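Asks:
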Amino acid sequence: MSNKNTVEILNVEQIFQAKYVVSLYQRNFAWGEEQIRQLLQDIRESINDQQYYIGSLVVLRRQDGTFEVIDGQQRLTTLALLSYVLQLKIETDIHYDSRPEVVQFLHTLTSGAYVACTDPSTSHFCAAIETMKAEIAKMEKERGDFREMFGDFVLNNVCLVREVMPDDTDVAAYFEIMNNRGEQLQEHEIVKGILLGKIKENPKLSQVCSLIWDACAQMDERVQKSFGPTVRRALFGDNYDDFTLNESNFREILSDIDSENMITEALTLDSILSGDGPVVASAKPDDEDIPEDDREESIIDFPNFLMHVMKLYYSDKFKGNKEIDKIRLHDKYLLKTFRLIEDGIDATEFFYRLLKCRTVFDRYVVKANIVNDNDEEGREWSLLSPYKYTDEKRTRTQLKYRNTFGDKQDIIIKAVSCIQVCHQSKYYKDYLQTLLEWFRDRDSIVFSQDEYLAALNQYIYNDLEKASKYFGLKDYMPDLQGTSISHAVLDYIDYMIWNIKVHNLHLVGTETEWTKISELKDFRFQYWNSVEHHYPQKRKEDLPQEGIDDFLLNCLGNTFLIGKSTNSRLSDKNPKDKAALYIGKSNLAPNRQLIYDITRSNGWGKEQIKSHLQFIENIYAKAKEILSIE
0 MSNKNTVEIL NVEQIFQAKY VVSLYQRNFA WGEEQIRQLL QDIRESINDQ QYYIGSLVVL
60 RRQDGTFEVI DGQQRLTTLA LLSYVLQLKI ETDIHYDSRP EVVQFLHTLT SGAYVACTDP
120 STSHFCAAIE TMKAEIAKME KERGDFREMF GDFVLNNVCL VREVMPDDTD VAAYFEIMNN
180 RGEQLQEHEI VKGILLGKIK ENPKLSQVCS LIWDACAQMD ERVQKSFGPT VRRALFGDNY
240 DDFTLNESNF REILSDIDSE NMITEALTLD SILSGDGPVV ASAKPDDEDI PEDDREESII
300 DFPNFLMHVM KLYYSDKFKG NKEIDKIRLH DKYLLKTFRL IEDGIDATEF FYRLLKCRTV
360 FDRYVVKANI VNDNDEEGRE WSLLSPYKYT DEKRTRTQLK YRNTFGDKQD IIIKAVSCIQ
420 VCHQSKYYKD YLQTLLEWFR DRDSIVFSQD EYLAALNQYI YNDLEKASKY FGLKDYMPDL
480 QGTSISHAVL DYIDYMIWNI KVHNLHLVGT ETEWTKISEL KDFRFQYWNS VEHHYPQKRK
540 EDLPQEGIDD FLLNCLGNTF LIGKSTNSRL SDKNPKDKAA LYIGKSNLAP NRQLIYDITR
600 SNGWGKEQIK SHLQFIENIY AKAKEILSIE
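For the sequence shown, numbering that gives the first Met the number 0 assigns the number 0 to the initial residue and increments by one for each residue that follows.
1. Please classify Q408: does DSSP put it in a helix, a strand, or coil?
2. Which residues mark the beginning and the end of the beta strand (DSSP E) in which P649 is found?
3. Between which two residues does the alpha helix (DSSP H) holding H644 run?
4. Taking all protein chains shown into account, do 16 or more other C-beta atoms lie within 10 angstroms of the C-beta of T243, making it buried, or fewer, making it exposed?
5. Assuming I42 and T77 are in contact, meaning their beta carbons sit under 8 Å apart, how far apart are those beta carbons, in whole angstroms?
6. Classify H533: buried if its beta carbon has 16 or more other beta carbons within 10 angstroms, exposed otherwise.
7. With three or more beta-carbon pairs closer than 8 Å as the criterion, would you say the stretch 482-501 touches the stretch 609-627?
8. I'd like to know whether the C-beta atoms of V20 and H94 end up nearer to each other than 8 Å.
9. For a test of the three-state rule: what should DSSP assign to K137, helix, strand or coil?
10. Taking its Cβ as the centre, do 16 or more other Cβ atoms sit within 10 Å of A579, making it buried, or is it exposed?
11. Around the Cβ of A127, are there at least 16 other Cβ atoms within 10 angstroms (buried) or fewer (exposed)?
12. Mind checking which residues open and close the alpha helix (DSSP H) that includes F66?
13. Should P99 go down as buried or exposed, given a rule of 16 or more other Cβ atoms within 10 Å for buried?
14. Determine the contact status of R672 and S384, defining contact as a CB-CB distance below 8 Å.
15. Ordered along the chain, which non-local residues of its own chain (more than five positions away) have a Cβ less than 6 Å from that of D521?
16. Grouping DSSP H, G and I as helix and E and B as strand, with all else coil, what is N10?
17. The alpha helix (DSSP H) that contains L204, what's its start and end?
18. CA-CA distance, S254 and K310?
19. What residue from L39, Y351, I211, I14 has the CA that sits closest to E90's CA?
20. With DSSP run on the structure shown, which of helix, strand or coil describes G54?
21. Under the three-state reduction of DSSP, which class applies to E559: helix, strand or coil?
22. Note down, in chain order, each residue of its chain lying with its Cβ closer than 6 Å to the Cβ of L472, except the 5 sequence neighbours on either side.
23. Would you call Y83 buried or exposed, if buried means 16 or more other Cβ atoms sit within 10 Å of its Cβ?
24. Whole angstroms are fine: how far does the CA of V445 sit from the CA of A680?
25. So the beta strand (DSSP E) T396 belongs to, where does it begin and stop?
26. Using the three-state DSSP reduction, which class does E95 fall into: helix, strand or coil?
27. Cβ of S416 within 8 Å of Cβ of F524?
28. Alpha carbon to alpha carbon, how far is N461 from L434?
29. Short check: CB of W212 to CB of L353, under 8 Å?
30. Exposed or buried, which one is I582 when buried takes at least 16 other CB atoms within 10 Å?
31. Taking the beta strand (DSSP E) that Y239 belongs to, which residues open and close that run?
32. With L334 as the anchor, note down where its alpha helix (DSSP H) starts and where it stops.
33. Take K572 and list the residues in its own chain whose beta-carbon comes closer than 6 Å to its own, dropping the five residues that flank it on each side.
34. Taking DSSP as the reference, what is the three-state secondary structure of V160?
35. Over what stretch of residues does the alpha helix (DSSP H) that includes S297 continue unbroken?
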């Protein structure tokens, strides 16, 4: 028996070499169809990796050597059921205290006597098994040896992080804490604990680093808000608007921070996992009033942000590593990636890099301000930087925010938000990695607006080339058709048209159309996901007399992006009726607005579609001029 907790990473075969007991205070197995399908799909996507981490398992060793499950029984039970479905050659011994019907049911699995049932006490187990069978059968259609390959991967490469708690752990109190949190221990919490454990000999340093981590983890809040005045001044200067720290002076500055209102005991992995360690005091300001802003939404969550920090600074540690070629920007690889580089990480250095990246992120990456939850176009974008405001009597200060840039603030927001809507997923967000790279080796995080805009436009140009291999090649433009058109291409078309209008560009081949476009003062990029055919697909019976063939119907000259609800409203209305619905609107996407303006002036048929396609081909060809690329 032990008074220390131990942490092990174990595969499925190793996990089930032990016996487990699920106590009465635990809820029954509750994973549904969606959770199980998602798990199987995630495992399938990771089948070429070395390991796939399903999460954590927290246990207490009883006197008889069995493990009492404190946290993670849903995962453990799911793996036991999956082992049965895949017919893995392992024994899965899970005992449910005072639930004989469940014990008997699980016995039927190991004895080979399983029969699907509708008994309320065990039907959820049966439903899970049937979901697994159906999902694996679908996957199996792709290749004949899939089941065997999938089973081998589950047995040897699917892993849990098993934490054995100290003998004197108050299990009931721990479970209550975990229940109140409403979540299981997450991988980024484990990473935090390991990093703090590296500097536990310096309680003051580890305390401030823990505070930094917690501040950075609040992705929907700007990082300076999470610090009190003392720490904020130390990290961001007297005016709260700077970041002149470097890796060499970071440790010294943190050690000099006044510990006022801060708990000095360090958070270790043991304390985090056990739930009985100290909690860092709230970092809310004590002498400053921070006004409430509009509700902001980050474009990425914290675990995925951590992946960016690790890739940005530690990719070189993977050179020659046979286990993994590169750091993949998906949080499902978080713990696996961290374990591979853990030994080479200086903890204090990591916290510095985390804070620097987060400061850059807040200042130069757009946040979404949700104006209206019920409006798919109710999203505004912001780029803000902090500063210290002092009232006229110089008796009171506030942390406030203002636009990051000057007269080019709007176009920079357009550029960054355009890139974001082209890459909406929080996973594999390469553009964010590229943006952070611009600041990695700079002594200062200050970017002039001209320098930043030029870098963004260059990225857009390069990305547009990748989004369409037909970029700039007029002869191949017809191959871009209908719903197969990349949404990124359509968004970038909007960005270039907006630039032409705003900058009053006179480019050969573009004059005849852009001059017709209405004002675009309220236009903002949104997460439009539907390709709209201005001349509707449902009016195919009119195509012959209009002289419109399938090519013209589906070409870039007749399409633009809209929201799904708008798509349903427009449905099969004729072009003039569509255009009439939006007279006087100044928030429409530029290409859509231009098409409507043309329709109201000249109608919309064969000649208008051909002319507009030519216009788009011309702006493609002149993209460098439009984006001011040398």
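Built from N, CA and C at the ideal position, the CB exists for glycine as well.
If you're wondering where the values come from, they're calculated on a predicted model, not measured in any experiment.
Replies: Considering the structure as presented:
1. Locating residue 408 in the sequence shown gives position 409, counting from the first residue. Helix.
2. Only positions 0 to 629 of the chain appear in the structure, and residue 649 is not among them; the question remains open.
3. Nothing about residue 644 can be read from this structure; the chain reaches only from 0 to 629.
4. Position 244 of the sequence shown holds residue 243. The residue is exposed, with fewer than 16 neighbouring Cβ atoms inside 10 Å.
5. Numbered from its first residue, the sequence shown carries residue 42 at position 43. Numbered from its first residue, the sequence shown carries residue 77 at position 78. In fact, because the Cβ distance is near 11 Å, the residues do not count as touching under 8 Å.
6. The residue given as residue 533 occupies position 534 in the sequence shown. Buried, by the Cβ-count rule.
7. Touching, yes.
8. Position 21 of the sequence shown, counted from the start, is the residue given in the question as residue 20. Position 95 of the sequence shown, counted from the start, is the residue given in the question as residue 94. Closer than 8 Å, so yes.
9. Your numbering for residue 137 matches position 138 in the sequence shown. In the structure shown, K137 adopts helical secondary structure according to DSSP, grouped into three states.
10. As a first step, residue 579 must be located in the sequence shown, where it is residue number 580. Result: exposed.
11. Here residue 127 refers to the residue found at position 128 of the sequence shown. It counts as buried.
12. The residue you call residue 66 lines up with position 67 of the sequence shown. Looking at the DSSP string, F66 is not in any alpha helix (DSSP H); the run it does join, the beta strand (DSSP E), is 66-70.
13. In the sequence shown, residue 99 corresponds to position 100, counting from 1. So P99 counts as exposed.
14. With the chain running from 0 to 629 in the structure shown, residue 672 is simply not present.
15. Position 522 of the sequence shown, counted from the first residue, corresponds to residue 521. Annotation for D521: S585, N586 place their beta carbon closer than 6 Å to its own, counting only its chain and skipping 5 residues before and after.
16. If you number the sequence shown from 1, residue 10 lands on position 11. Three-state result, N10: strand.
17. Reading the sequence shown from its first residue, position 205 is the one you call residue 204. Going by DSSP, L204 is part of the alpha helix (DSSP H) stretching over 202-216.
18. In the sequence shown, residue 254 corresponds to position 255, counting from 1. In the sequence shown, residue 310 corresponds to position 311, counting from 1. Distance between the alpha carbons of S254 and K310 is about 28 Å.
19. Residue numbering aside, residue 90 sits at position 91 when the sequence shown is read from its first letter. Residue I14 is the option with its Cα nearest to E90.
20. Within the sequence shown, residue 54 is the residue found at index 55, counting from 1. In the three-state reduction of the DSSP assignment, G54 falls in the strand class.
21. What you label residue 559 is simply residue 560 of the sequence shown in a count that begins at 1. The sequence as given places Phe at residue 559; Glu does not occur at that position. Residue state for F559 is assigned as strand, using DSSP reduced to three classes.
22. Taking the first residue of the sequence shown as 1, we reach residue 472 at position 473. Caution is warranted here: a pLDDT of 36 is assigned to L472, below 50, making its placement in the model unreliable, and no coordinate value can be reported.
23. If you number the sequence shown from 1, residue 83 lands on position 84. By the 10 Å Cβ count, Y83 comes out buried.
24. This structure does not reach residue 680, given that the chain is present from 0 up to 629, and the question cannot be answered.
25. For the purposes of this step, residue 396 is taken as the residue at position 397 of the sequence shown. Here the beta strand (DSSP E) through T396 covers 396-402.
26. What you label residue 95 is simply residue 96 of the sequence shown in a count that begins at 1. At residue 95 the sequence reads Tyr, which differs from the Glu that was named. Assignment of Y95 by DSSP, reduced to helix, strand and coil, places it in the strand class.
27. As a working mapping, residue 416 is identified with position 417 in the sequence shown. As a working mapping, residue 524 is identified with position 525 in the sequence shown. Taking 8 Å as the Cβ cut-off, S416 and F524 qualify as a contacting pair.
28. Taking the sequence shown and counting its residues from 1, one reaches residue 461 at position 462. Taking the sequence shown and counting its residues from 1, one reaches residue 434 at position 435. Put simply, the backbone Cα of N461 is about 14 Å away from that of L434.
29. Here residue 212 is taken as the residue at index 213 of the sequence shown, counted from 1. Here residue 353 is taken as the residue at index 354 of the sequence shown, counted from 1. In this structure, L353 lies closer than 8 Å to W212 by Cβ.
30. Counting from 1 along the sequence shown, the entry for residue 582 is found at position 583. Counting the other CB atoms within 10 Å of its CB gives I582 a total below 16, which places it among the exposed residues.
31. On the sequence shown, residue 239 is found 240 positions in, with the first residue counted as 1. Secondary structure note for Y239: it is in no beta strand (DSSP E), with a DSSP letter that is neither H nor E.
32. Reading the sequence shown from its first residue, position 335 is the one you call residue 334. Run containing L334: 333-340, per the alpha helix (DSSP H) assignment.
33. In the sequence shown, the residue the question calls residue 572 occupies position 573. Counting only Cβ-Cβ distances below 6 Å, and skipping sequence neighbours, we find nothing.
34. Here residue 160 refers to the residue found at position 161 of the sequence shown. In the structure shown, V160 adopts extended strand secondary structure according to DSSP, grouped into three states.
35. As a first step, residue 297 must be located in the sequence shown, where it is residue number 298. For S297, there is no enclosing alpha helix (DSSP H), as DSSP gives it neither H nor E.
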